[in-house]
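Peer 1:
Numbering (UniProt numbering), first residue to last: 1 to 179.
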(Lines of atoms letter the chains of each structure in order from A; the text may use other names.)
(Lines give C-alpha, C1' and ligand atoms only; values in the text may rest on other atoms or scores of the structure.)
Protein backbone atom coordinates (compact mmCIF):
# COMPACT_ATOMS: atom_id res chain seq x y z
CA UNK A 1 0.00 0.00 0.00
CA UNK A 2 1.44 3.34 -1.00
CA UNK A 3 0.57 5.95 1.59
CA UNK A 4 1.66 8.82 -0.62
CA UNK A 5 0.15 7.41 -3.83
CA UNK A 6 -3.28 6.95 -2.24
CA UNK A 7 -3.53 10.55 -1.06
CA UNK A 8 -5.87 12.73 -3.11
CA UNK A 9 -4.73 15.94 -4.78
CA UNK A 10 -7.00 18.95 -4.36
CA UNK A 11 -6.85 21.34 -7.29
CA UNK A 12 -7.44 25.02 -6.30
CA UNK A 13 -10.03 27.09 -8.16
CA UNK A 14 -7.41 29.21 -9.98
CA UNK A 15 -5.63 26.12 -11.44
CA UNK A 16 -6.71 24.14 -14.51
CA UNK A 17 -5.74 20.45 -14.53
CA UNK A 18 -5.97 18.74 -17.93
CA UNK A 19 -5.50 15.01 -18.58
CA UNK A 20 -4.89 13.90 -22.18
CA UNK A 21 -4.03 10.19 -22.24
CA UNK A 22 -0.64 9.86 -20.53
CA UNK A 23 0.01 13.60 -20.65
CA UNK A 24 -0.95 15.91 -17.79
CA UNK A 25 -1.00 19.69 -18.12
CA UNK A 26 -1.36 22.04 -15.14
CA UNK A 27 -1.89 25.75 -15.67
CA UNK A 28 -2.15 28.45 -13.02
CA UNK A 29 -1.20 32.02 -12.14
CA UNK A 30 2.53 31.17 -11.84
CA UNK A 31 2.83 29.41 -15.19
CA UNK A 32 2.21 26.14 -16.95
CA UNK A 33 3.80 22.72 -16.36
CA UNK A 34 3.56 19.46 -18.35
CA UNK A 35 4.27 15.89 -17.30
CA UNK A 36 4.21 12.51 -19.03
CA UNK A 37 2.72 9.77 -16.83
CA UNK A 38 4.03 6.21 -17.07
CA UNK A 39 1.59 3.82 -18.85
CA UNK A 40 1.30 1.63 -15.72
CA UNK A 41 -0.19 4.59 -13.83
CA UNK A 42 -3.50 6.28 -14.61
CA UNK A 43 -4.71 9.67 -13.44
CA UNK A 44 -8.41 10.26 -12.77
CA UNK A 45 -10.12 13.56 -12.08
CA UNK A 46 -13.45 13.97 -10.28
CA UNK A 47 -14.43 17.62 -9.91
CA UNK A 48 -11.46 19.31 -8.29
CA UNK A 49 -10.02 16.08 -6.83
CA UNK A 50 -7.28 14.15 -8.66
CA UNK A 51 -6.59 10.48 -7.90
CA UNK A 52 -3.55 8.50 -9.05
CA UNK A 53 -4.27 4.79 -9.65
CA UNK A 54 -1.86 1.98 -10.49
CA UNK A 55 -2.78 -0.85 -12.85
CA UNK A 56 -1.34 -3.79 -10.88
CA UNK A 57 0.68 -4.67 -7.78
CA UNK A 58 4.08 -5.16 -9.41
CA UNK A 59 7.12 -3.62 -7.77
CA UNK A 60 7.64 -1.12 -10.60
CA UNK A 61 3.99 0.00 -10.47
CA UNK A 62 4.12 0.44 -6.71
CA UNK A 63 7.27 2.54 -6.91
CA UNK A 64 5.82 4.73 -9.68
CA UNK A 65 2.53 5.21 -7.79
CA UNK A 66 3.84 7.47 -5.02
CA UNK A 67 6.34 9.17 -7.31
CA UNK A 68 3.68 10.17 -9.84
CA UNK A 69 1.36 11.49 -7.14
CA UNK A 70 4.18 13.56 -5.60
CA UNK A 71 5.19 14.99 -8.99
CA UNK A 72 1.60 15.95 -9.84
CA UNK A 73 1.08 17.52 -6.41
CA UNK A 74 4.31 19.52 -6.83
CA UNK A 75 3.03 20.75 -10.20
CA UNK A 76 -0.27 21.93 -8.65
CA UNK A 77 1.50 23.66 -5.75
CA UNK A 78 4.08 25.18 -8.10
CA UNK A 79 1.62 26.83 -10.49
CA UNK A 80 -0.60 28.06 -7.63
CA UNK A 81 1.85 29.28 -4.95
CA UNK A 82 5.33 28.47 -6.32
CA UNK A 83 8.52 27.27 -4.67
CA UNK A 84 11.33 29.31 -3.12
CA UNK A 85 14.90 28.54 -2.03
CA UNK A 86 17.20 30.99 -0.26
CA UNK A 87 20.99 31.11 -0.20
CA UNK A 88 23.38 33.03 2.05
CA UNK A 89 26.90 34.20 1.20
CA UNK A 90 29.22 33.97 4.21
CA UNK A 91 32.73 35.41 4.00
CA UNK A 92 34.59 38.69 3.83
CA UNK A 93 34.08 40.27 0.41
CA UNK A 94 31.52 37.69 -0.71
CA UNK A 95 28.62 39.47 -2.38
CA UNK A 96 25.97 39.06 -5.03
CA UNK A 97 24.39 41.52 -7.46
CA UNK A 98 21.96 41.34 -10.35
CA UNK A 99 23.26 42.63 -13.69
CA UNK A 100 20.16 42.54 -15.89
CA UNK A 101 19.01 38.92 -15.81
CA UNK A 102 22.44 37.60 -14.80
CA UNK A 103 23.62 37.02 -11.25
CA UNK A 104 27.12 38.30 -10.59
CA UNK A 105 28.86 36.68 -7.63
CA UNK A 106 32.06 37.83 -5.99
CA UNK A 107 33.31 34.73 -4.16
CA UNK A 108 36.98 35.35 -3.51
CA UNK A 109 38.17 34.31 -6.96
CA UNK A 110 40.29 36.58 -9.15
CA UNK A 111 37.22 37.13 -11.35
CA UNK A 112 33.49 37.55 -10.73
CA UNK A 113 31.31 34.49 -11.35
CA UNK A 114 28.43 35.16 -13.76
CA UNK A 115 25.38 32.87 -13.60
CA UNK A 116 22.50 33.05 -16.07
CA UNK A 117 19.36 31.45 -14.58
CA UNK A 118 16.75 29.68 -16.73
CA UNK A 119 13.97 31.92 -18.05
CA UNK A 120 11.23 30.40 -15.85
CA UNK A 121 13.17 31.04 -12.60
CA UNK A 122 13.21 34.39 -10.79
CA UNK A 123 16.37 35.36 -8.90
CA UNK A 124 16.36 38.20 -6.36
CA UNK A 125 19.21 39.61 -4.28
CA UNK A 126 18.49 40.97 -0.80
CA UNK A 127 21.26 43.20 0.48
CA UNK A 128 24.57 41.89 -0.78
CA UNK A 129 24.65 38.44 0.74
CA UNK A 130 21.18 36.86 0.40
CA UNK A 131 19.85 35.28 -2.80
CA UNK A 132 16.22 34.21 -3.23
CA UNK A 133 15.31 31.81 -6.05
CA UNK A 134 11.65 31.24 -6.91
CA UNK A 135 9.70 29.50 -9.64
CA UNK A 136 6.90 27.08 -10.44
CA UNK A 137 8.98 23.93 -11.02
CA UNK A 138 10.37 22.53 -7.75
CA UNK A 139 13.11 20.53 -9.45
CA UNK A 140 14.39 23.50 -11.47
CA UNK A 141 14.38 25.84 -8.45
CA UNK A 142 16.35 23.32 -6.41
CA UNK A 143 18.80 22.71 -9.26
CA UNK A 144 19.47 26.44 -9.71
CA UNK A 145 20.12 26.77 -5.96
CA UNK A 146 22.48 23.77 -6.08
CA UNK A 147 24.31 25.17 -9.12
CA UNK A 148 24.92 28.52 -7.38
CA UNK A 149 26.02 26.75 -4.19
CA UNK A 150 28.50 24.66 -6.21
CA UNK A 151 30.53 27.76 -7.13
CA UNK A 152 31.87 27.94 -3.55
CA UNK A 153 30.60 25.33 -1.09
CA UNK A 154 30.93 26.13 2.63
CA UNK A 155 34.33 25.04 3.85
CA UNK A 156 34.56 23.33 7.25
CA UNK A 157 37.33 25.42 8.87
CA UNK A 158 35.98 28.97 8.70
CA UNK A 159 32.51 28.32 7.27
CA UNK A 160 33.02 30.63 4.30
CA UNK A 161 31.06 29.97 1.11
CA UNK A 162 27.55 29.81 -0.30
CA UNK A 163 25.07 27.95 1.90
CA UNK A 164 21.36 27.33 2.00
CA UNK A 165 19.44 29.58 4.39
CA UNK A 166 19.45 27.92 7.79
CA UNK A 167 22.08 25.34 6.81
CA UNK A 168 24.43 24.41 9.62
CA UNK A 169 28.04 23.79 8.67
CA UNK A 170 29.96 21.38 10.88
CA UNK A 171 33.16 23.13 11.79
CA UNK A 172 36.49 21.34 12.20
CA UNK A 173 39.01 22.30 14.86
CA UNK A 174 41.90 22.99 12.50
CA UNK A 175 45.55 23.01 13.54
CA UNK A 176 46.41 23.49 17.16
CA UNK A 177 49.20 25.97 17.71
CA UNK A 178 52.38 25.61 19.77
CA UNK A 179 51.66 25.19 23.44
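Note that CB positions come from ideal geometry on N, CA and C, so glycine has one too. This structure is a prediction, so every number in the text was calculated from the model and none was measured.
Between the stretch 132-148 and the stretch 107-123, do three or more beta carbon pairs fall short of 8 Å?
Peer 2: Touching, per the Cβ criterion.
Peer 1: Between which residues of its own chain and residue 151 is the CB-CB distance below 8 Å, once the five residues before and five after are set aside?
Peer 2: Taken in chain order, the residues that qualify are 105, 107, 113, 115 and 162.
Peer 1: Whole angstroms are fine: how far does the CA of residue 158 sit from the CA of residue 88?
Peer 2: So the alpha carbons of these two residues sit roughly 15 Å apart.
Peer 1: Who are the near neighbours of residue 170 in its chain, counting only those whose CB is closer than 8 Å to its CB and skipping five residues on each side?
Peer 2: Counting only Cβ-Cβ distances below 8 Å, and skipping sequence neighbours, we find 156.
Peer 1: Determine the burial state of residue 34: buried for a count of at least 16 other Cβ atoms within 10 Å of its Cβ, exposed for fewer.
Peer 2: Classification for residue 34: exposed.
Peer 1: Thinking C-alpha only, which one of 46, 101 and 134 is nearest residue 16?
Peer 2: Nearest of 46, 101 and 134 to residue 16, Cα basis: 46.
Peer 1: Consult DSSP for residue 74 and reduce its assignment to one of helix, strand or coil.
Peer 2: Of the three classes helix, strand and coil, the one that applies to residue 74 here is helix, per DSSP.
Peer 1: Quick one: is residue 3 buried, meaning 16 or more other Cβ sit within 10 Å of its Cβ, or exposed?
Peer 2: Exposed.
Peer 1: Tell me whether residue 135 sits in a helix, a strand or coil according to DSSP, three-state version.
Peer 2: Residue state, collapsed to three classes: strand.
Peer 1: Could you tell me which of 62, 29, 53 and 136 sits nearest to residue 82, measuring between CA atoms?
Peer 2: Among 62, 29, 53 and 136, the Cα nearest to that of residue 82 belongs to 136.
Peer 1: Decide if the stretch 64-81 is in contact with the stretch 7-15; the criterion is three or more beta carbon pairs, one per stretch, under 8 Å apart.
Peer 2: Short answer: they touch.
Peer 1: Would you grab the beta carbon distance between residue 52 and residue 68 for me? Rounded to a whole angstrom, and I think it's under 8 Å.
Peer 2: The pair is a contact, with the Cβ atoms about 5 Å apart (cut-off 8 Å).
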